[in-house]
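> Can you keep this structure in mind? I'll have questions shortly.
Numbering (our numbering), first residue to last: 3 to 45.
See below:
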């Protein structure tokens with residue numbers, strides 16, 4: 003069974019792709035660094 007952090011990673015990646023956002027664009031919109039968004043998605 004996947005834990006909640008795995009679910010968050012998958013959900014973030016899917017939702018970002020559905021909205022055609024790059025990690026950089028998402029990071030800017032959320033006031034986060036692109037590296038942090040990447041870290042969240044990759045675990």
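Ideal Cβ placement from N, Cα and C applies to all residues, glycine included.
Alpha carbon to alpha carbon, how far is residue 11 from residue 43? Give it in angstroms, no decimals.
On the chain shown, position 41 is the one that residue 43 refers to. On the chain shown, position 9 is the one that residue 11 refers to. Using only the alpha carbons, I get a separation of about 5 Å.
> Taking 8 Å as the threshold (C-beta atoms), are residue 34 and residue 18 in contact?
For this step, residue 18 is matched to residue 16 along the chain shown. For this step, residue 34 is matched to residue 32 along the chain shown. Not closer than 8 Å, so no.
> Assuming residue 39 and residue 25 form a contact by the criterion Cβ under 8 Å, report the distance between their Cβ atoms to the nearest whole angstrom.
Translated into positions along the chain shown, residue 39 becomes position 37. Translated into positions along the chain shown, residue 25 becomes position 23. That belief holds up - the Cβ atoms of residue 39 and residue 25 are roughly 5 Å apart, short of 8 Å.
> Taking just the CA atoms, how far does residue 45 sit from residue 6?
Numbered from 1 along the chain shown, position 4 holds the residue referred to as residue 6. Numbered from 1 along the chain shown, position 43 holds the residue referred to as residue 45. Their Cα atoms are separated by approximately 12 Å.
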